[in-house]
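Protein chains in written order, with our numbering: chain A, 1 to 121; chain B, 1001 to 1121. C-beta atoms are modelled at their ideal positions from N, C-alpha and C, and glycine is treated no differently.
Protein chains: 2
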Amino acid sequence: MEAVNLLEKFGKFSDYWHPYIVAESNGQHIRLAKLNGEFVWHKHDDEDELFIVVKGKLKVKFRDQEVTVREGELFVVPRGVEHCPVAEEDVYLINITNAETTHTGSVESDITISIDEMERI
Amino acid sequence: MEAVNLLEKFGKFSDYWHPYIVAESNGQHIRLAKLNGEFVWHKHDDEDELFIVVKGKLKVKFRDQEVTVREGELFVVPRGVEHCPVAEEDVYLINITNAETTHTGSVESDITISIDEMERI
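Here it is as C-alpha cells:
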C-alpha cells in the first residue's frame, strides 16, 4: 500500500491520448493521460466519465455546447452524451471511469487503446 | 453542465471532517473535506475509498503500517481494512467512494455525517 504521486506518474510516459492505469477503486479505473489536439467524437452508453485536469485547459465539445475545464477543476461527462475533448495545449488529465470502459466509448478509431492494451504504471 | 473549481468549493466551508458533495459519477460521490487532527478508526466493509490530497499531508494509519499521502498524490484505502486518517496540518481532500458510504464506515461517532445530512455545494 503506497500513495501514487501524480506528477511522477505523468513523467513516465509522453504519448498523447493514451490512458495509463495508476489505481483501481470500486471497479473504477483511475487513469492518467496526456492530451494535445482534438480527440474523436464518441459516447459511453452506460458510464459517466470523471475528468480532473491537473495541467492545462481542456475543452469538452458537445453537439450543443462547450465546457472548459481548467487546471484544478473537475467535470463529469454524463453517460450517453456525445462529446469530443479538445486540448489546444498540453493537458494532463485524471480520468476515472468503469474499469471496462474504453476511452473512445462505442467508437473504434485508430487511437483506440483497448482495455487489454492499457498498461498499469 | 459546468466544471467544478476545487479551490472555489473548498472556500465555501470551514468545518473539519465534514464531507461536502460536489459531483456524482457512476454511483460514486465526489466529496471534499477539510481535515485537521485525528479522525476515528473505522472501516468500510464493501467499499474502497479513493483519496486525492489537494493541500497538506495526510497520514493514513493502519493497524500494522502507516501511509503518507502528500499534495498531488492519491491513495486507495482498500475495503474491509481498518484505518484512521490523521492530519497534523490542514488537509484539503477529495474523497471518492460509493454514494451510499458514510465517511466513518461501520462506526457511528459524534462526527459522523449521515448521507442525508451531506450537502451538495
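Counted within 10 angstroms of its Cβ, other Cβ atoms place residue i as buried (16 or more) or exposed
{"i": "aspartate 110 of chain A", "result": "exposed"}
{"i": "serine 1025 of chain B", "result": "buried"}
{"i": "isoleucine 115 of chain A", "result": "exposed"}
{"i": "lysine 123 of chain A", "result": "In the structure displayed, chain A extends from 1 to 121; residue 123 of chain A sits before or after that span and is not available."}
{"i": "glutamate 47 of chain A", "result": "buried"}
Residue i and residue j closer than 8 Å at C-beta
{"i": "valine 1004 of chain B", "j": "glutamate 1049 of chain B", "result": "no"}
{"i": "leucine 1006 of chain B", "j": "phenylalanine 1051 of chain B", "result": "no"}
{"i": "histidine 1020 of chain B", "j": "leucine 1035 of chain B", "result": "In the sequence as displayed, the identity of residue 1020 of chain B is tyrosine instead of histidine. Going by C-beta atoms, tyrosine 1020 of chain B is not nearer than 8 Å to leucine 1035 of chain B."}
{"i": "valine 1053 of chain B", "j": "valine 1067 of chain B", "result": "no"}
{"i": "aspartate 1090 of chain B", "j": "glycine 1037 of chain B", "result": "no"}
{"i": "alanine 23 of chain A", "j": "leucine 1074 of chain B", "result": "yes"}
{"i": "histidine 1018 of chain B", "j": "isoleucine 1113 of chain B", "result": "yes"}
{"i": "valine 1107 of chain B", "j": "proline 1085 of chain B", "result": "no"}
{"i": "methionine 1118 of chain B", "j": "glutamine 65 of chain A", "result": "no"}
Residues bridged to residue i [DSSP beta-bridge criterion]
{"i": "phenylalanine 1051 of chain B", "result": "B/Phe1075 and B/Asn1095"}
{"i": "threonine 1068 of chain B", "result": "B/Lys1059"}
{"i": "proline 1085 of chain B", "result": "B/Val1060"}
{"i": "histidine 1029 of chain B", "result": "B/Glu1024 and B/Thr1097"}
{"i": "valine 40 of chain A", "result": "DSSP output for valine 40 of chain A lists no bridge partner at all."}
{"i": "valine 1004 of chain B", "result": "A/Leu74"}
Reduced DSSP category for residue i - H, G, I as helix; E, B as strand; rest coil
{"i": "lysine 34 of chain A", "result": "strand"}
{"i": "glutamate 1024 of chain B", "result": "strand"}
Interface residues of chain E facing residue i [CB-CB closer than 9 Å]
{"i": "asparagine 95 of chain A", "result": "Protein chains in the displayed structure are A and B, and chain E is not among them."}
* Three-pair Cβ contact test at 8 Å for the stretch 1080 to 1090 of chain B versus the stretch 1035 to 1048 of chain B -> yes
* To do: Count the CB pairs spanning the stretch 1010 to 1029 of chain B and the stretch 1095 to 1102 of chain B that are closer than 8 Å, and state whether there are at least three.
  => yes
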